[in-house]
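Asker: One structure is given below, represented as structure tokens, and several questions about it will come after.
2 protein chains.
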Amino acid sequence: MADEKLPTQKENYAEWYNQLVLKAELADYAPVRGCMVVRPYGWALWENITSWLDNEFKACGHVNAAFPTLIPMSFFEKEKEHVEGFSPELAVVTHGGGEKLEEPLVVRPTSETIIGHMYAKWIKSWRDLPILIVQWGSVLRWEMRTKLFLRTTEFYWHEGHTAHATKDEAMEEMYRILDIYEKFCLEEAAIPVIKGTKSDTERFAGAQITTSIEAMMWDKRALQSGTSHYFGPNFSKAFDIQYLDQGNTLQYCETTSWAISSRIIGALIMVHGDDQGLVLPPRLAPIQAVMVPIYRDADQKSAVMPVVDRLFAELKAAGIRVKVDDREEVTPGFKFNDWEMRGVPLRIEIGPKDVEKNSVALARRDIPGREGKSFVSQDNLPATVTGMLTTIQAALLAKATAFRDANIHDPKDYEELKQVVEDGWAYSWWCESKECEAKVKADTKATTRNIPLNQPGGEGRCIVCGEKATRKVYFAKAY
Amino acid sequence: MADEKLPTQKENYAEWYNQLVLKAELADYAPVRGCMVVRPYGWALWENITSWLDNEFKACGHVNAAFPTLIPMSFFEKEKEHVEGFSPELAVVTHGGGEKLEEPLVVRPTSETIIGHMYAKWIKSWRDLPILIVQWGSVLRWEMRTKLFLRTTEFYWHEGHTAHATKDEAMEEMYRILDIYEKFCLEEAAIPVIKGTKSDTERFAGAQITTSIEAMMWDKRALQSGTSHYFGPNFSKAFDIQYLDQGNTLQYCETTSWAISSRIIGALIMVHGDDQGLVLPPRLAPIQAVMVPIYRDADQKSAVMPVVDRLFAELKAAGIRVKVDDREEVTPGFKFNDWEMRGVPLRIEIGPKDVEKNSVALARRDIPGREGKSFVSQDNLPATVTGMLTTIQAALLAKATAFRDANIHDPKDYEELKQVVEDGWAYSWWCESKECEAKVKADTKATTRNIPLNQPGGEGRCIVCGEKATRKVYFAKAY
């Protein structure tokens, strides 16, 4: 499909995105309203994301487990805000095994309730704490307007659910996870993010504090890319999660939950992608380097292929995720376009002249055309490629960071804020009132993204009402 | 919970099993009828199972992907046998987003239908074949009588779905996977299995051929531990999965599907477990060796703990999954019982005398008491432990194989068959008629397990009717 061109990002950003997801074979529309099929290439990308996160979680004491997909409807009704937040989005099982169920079951939209129920059963004393469990899987939230990866009725994620003895420990956990999410975005996804606290309006249903990481897409809209919530004792009281402390007194646990979902793939597409298609950061790319042999006839082929095979073996042995595109039915030019569409970070071309000169041509996906092309020796190719991949990874982060920083503004007054959020983010003092937040939304469609943890200090005047403000916030239109 | 004893296997095998699963914290009952929670220890075991299989599948060209959890009800009606087989077991979503759905959706009991639908969309020509996709996740089949791991409404598995150009390739795939399943059971799970073909009665709904691996549990009942199906063009015709062959003629694909589910954990429990609890094969055990420091006072503790810490670091660096049980609130004896219950293959005890003598005590889980205990030098402990784990792995397989072989009988007539299947398996000539199969089931509750691929050759007389038979079959009571 790579022979049909994408619309450019400027022509039609929404269509560029949709067609890229389909043509790069990341995902496809499912025959179930609002659902997607994640195709093998997209799933390989997701596996690289999940395995990094899984290792990080395990390194700080988390363990995985699995809770049922179906949750009794009554569980949702135990936490008031939670049920209000989720009931419009539920998929409901009313029949099982040919009979109508006494109580309807909900396909999980998130698992605080059923996990809370089990924690109440498992936790007896302070010795059982903390419990640090992660569940990997999918959840369903009925969506009216869907977009592949960004907003689908079913999506993939991990959900961490932890229970602690004290508020301090729970808060520490919430921030520890937020730091892991930031590290993932910076080091793996090459996406700069802002860590901060959501406003009360934007909080997760049932949480006391919601923190998030926010990233800027190519069209300058914000994407909430991960969240980490502190519940206080809200769910513990609803589900009776109590422990005997060291003084033998019954106490409610403090709980957290947190998630990054498959929408992070949408972020990767929109932060790094260009008019030729996907651009994947080397650390996450399912294929880091694709080798394209170039020959015109059987003689040239028999000269080129042994070199390709030898270099492939060397690269693979060095742990590089490498693939040889040896298709006979398409031209090298077709292959170039095809792998550019799929965002492979590095292309390695080998033709008869390269065989003679003991060289290969390297073409960087992130720098199109001649500028991104270099000719290097076949000697020590794994080291050269590894170095190049590291360079590309750093270049992607630098480029995305520069772009983001150039599009964050500090408007001098409310009039300027209204202009700024048409094509960027506003970083402004805010009095933290719901009224001012609602006014910005009504006037501009921009919402508060988060109140960054990293604050300038001091105080200012709310950009909307002029009252005293102690913290700055990001306003932006968001996905 | 390890302080409360299990019933012995002889006293009450069913209760021994149920209590073991709970006490070893492998799984727990969920607040949804027929569902289970797989607890962290059980899930870590499942992760070791899945990661081995995932690597094997990928090594022979398979890729992972994700298809929706919900499937339109009408999809099931496209393949006649399939809908008959599955409709009594379906969980049905009738409402979504607060409204009644136009068409009910089914929580997937298996994914042939929705994957077939997508394959029809993706496959155009012979160049697109084979497609070799695996999906990891859970499925739901409404069950009336449930048992943790063995039969639950929701269970965990992989489902492989492949499409091929020819019957030969599809058949080859079916057997390739069956070989991987056998290899997994022998090398990883230490469970001997018999590969064979299911009778028509026992076939998967919609398959032309179902092959299986069958294992013998401690109570001599059989457990079908994995299946690999050949569909011929059944699903291709139902879902219109066609390709243009090299002569430009439209052909139906040949498809397969195959699975091992979380019931394999039930097999691990029932094949290797004993009256003290679980016995895990070292290759799959989440914890391969547990270190128990032994001391009576602070002086002894300060002598013992540095040695424990040093040896722990050495074992861990050698890639051994090792844990130190440094709990202060329980005795060493309690810890011994606790880790025996959890089936940890090797216990390493270190007391003050061991510190003096530069030794440690090793206790094998598979050989209780003094016989399984040895004292070894602290020098080169990782090599000693690795060797011991290899020995344990082999011993478990040898023991299970000897037990199985001792309980497979070749009854001389139908009367003897009826006795044999009360406490073992019968390996007998069978005419392959449904009538004889049904008679055995009615008389004894034993079913045909499979017709082994490895046949003696020649021919015999059906054990039931005396007619000519060309293949032998296993009859056994099964889970």
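Protein chains in written order, with our numbering: chain C, 133 to 611; chain V, 133 to 611.
We put the CB at the ideal spot given by N, CA and C, even for glycine.
Keep in mind it's a predicted model, so treat the numbers as computed, not measured.
1) Taking only beta carbons into account, state which residues of the region 142-162 of chain C come closer than 8 Å to chain V, listed in chain order.
2) If I follow the unbroken beta strand (DSSP E) through residue 315/V, where does it start and stop?
3) Would residue 471/V pass as a contact of residue 440/V if the rule is Cβ separation under 8 Å?
4) The beta strand (DSSP E) with residue 375/C in it runs from where to where?
5) State the beta-bridge partners of residue 343/C as determined by DSSP.
6) Does any residue of chain V have a CB that is nearer than 8 Å to the CB of residue 226/C?
7) Can you find a CB in chain C that lies within less than 8 Å of the CB of residue 172/V?
8) To the nearest angstrom, report how far apart residue 333/C and residue 593/C are at their CA atoms.
9) Would you list the residues sitting across from residue 237/C in a DSSP beta bridge?
10) Which residues of chain V have a Cβ atom closer than 8 Å to the Cβ of residue 390/C, listed in chain order?
11) Under 8 Å between the Cβ atoms of residue 286/C and residue 172/V?
12) Leaving out five residues on either side along the sequence, give the residues of the same chain with a beta carbon under 7 Å from the beta carbon of residue 344/V.
13) Are the Cβ atoms of residue 237/V and residue 164/C separated by less than 8 Å?
14) Residues in the region 391-405 of chain C with C-beta within 7 Å of chain V's C-beta atoms, listed in sequence order?
15) Do the CB positions of residue 497/V and residue 424/V come within less than 8 Å of each other?
16) Please report the Cβ distance between residue 414/C and residue 521/C, rounded to the nearest whole angstrom; I am assuming they are in contact, meaning their Cβ atoms lie under 8 Å.
17) Report the three-state DSSP secondary structure of residue 604/V (helix, strand or coil).
18) Report all residues from its chain with a CB closer than 7 Å to the CB of residue 577/V; omit the five preceding and five following residues, and keep chain order.
19) Ordered along the chain, which non-local residues of its own chain (more than five positions away) have a Cβ less than 6 Å from that of residue 133/V?
20) By a C-beta neighbour count over all protein chains shown, 10 Å radius and 16 as the cutoff for buried, is residue 434/V buried or exposed?
21) Distance cutoff 8 Å, beta carbons only. Does residue 375/V sit that close to anything in chain C?
22) If I'm right that residue 310/C touches residue 153/C with Cβ under 8 Å, what's the distance once you round it to whole angstroms?
23) If I measure Cβ to Cβ from residue 204/V and keep anything under 7 Å in the same chain, skipping five residues before and after, which residues do I get?
24) Using a beta-carbon distance below 8 Å, is residue 133/C in contact with chain V?
25) Could you have a look at residue 469/C and say whether DSSP puts it in helix, strand or coil?
26) If contact means a Cβ-Cβ distance below 9 Å, which residues of the region 204-225 of chain C contact chain V?
27) Report back the beta-carbon spacing between residue 487/C and residue 508/C to the nearest angstrom; my notes put them in contact at under 8 Å.
28) Below 8 Å, can you find three or more Cβ-Cβ pairs linking the region 549-568 of chain C to the region 504-518 of chain C?
29) Looking only at C-alpha atoms, which of 323/C, 442/C, 277/C, 349/C sits nearest to residue 145/C?
30) For residue 395/V, tell me which candidate among 288/V, 387/V, 320/V, 354/V has the shortest Cα-Cα distance.
31) Am I right that residue 342/V and residue 367/V are in contact with their C-beta atoms under 8 Å? What's the rounded C-beta distance?
32) Taking residue 607/C as the reference, give the member of 539/C, 600/C, 599/C, 598/C with the closest Cα.
33) Are the C-beta of residue 337/C and some C-beta of chain V separated by less than 8 Å?
34) For the region 445-474 of chain V, list every residue whose C-beta sits within 8 Å of some C-beta in chain C, in sequence order.
Answerer: Result, derived from the coordinates:
1) 160, 162
2) Careful: residue 315/V lies outside any beta strand (DSSP E), inside the alpha helix (DSSP H) at 299-315.
3) no
4) 374-376
5) By DSSP's assignment, residue 343/C forms a beta bridge with 329/C, 360/C.
6) yes
7) yes
8) 21 Å
9) 204/C, 225/C
10) In chain V, no part has a C-beta under 8 Å from the C-beta of residue 390/C; the shortest such distance is about 17 Å.
11) no
12) 328, 330, 356, 358, 359, 582
13) yes
14) none
15) no
16) About 4 Å separates the beta carbon of residue 414/C from that of residue 521/C, a gap short enough to meet the 8 Å contact definition.
17) strand
18) 609
19) Below a pLDDT of 50, predicted positions are generally treated as unreliable, and residue 133/V, at 45, falls in that range; no measurement from the model is reported.
20) Counting C-beta atoms within 10 angstroms of its own C-beta, residue 434/V has fewer than 16 neighbours from the protein chains shown and is therefore classed as exposed.
21) no
22) About 28 Å separates the two Cβ atoms, so there is no contact after all.
23) Exclusion of the five residues before and after residue 204/V leaves 235, 237 as the residues of its chain whose Cβ lies within less than 7 Å of its Cβ.
24) Note that residue 133/C scores a pLDDT of 45, beneath 50, so its modelled location is shaky; the value from the coordinates is reported in the next line. Not an interface residue.
25) helix
26) 204, 207, 219, 220, 221, 222, 223, 224, 225
27) Actually they are not in contact, since the Cβ atoms of residue 487/C and residue 508/C sit about 14 Å apart, beyond 8 Å.
28) no
29) 349/C
30) 288/V
31) For a cut-off of 8 Å, the C-beta gap from residue 342/V to residue 367/V is around 14 Å, too long to register as a contact.
32) 539/C
33) Residue 337/C is outside the set of residues whose beta carbon lies under 8 Å from a beta carbon in chain V.
34) 461
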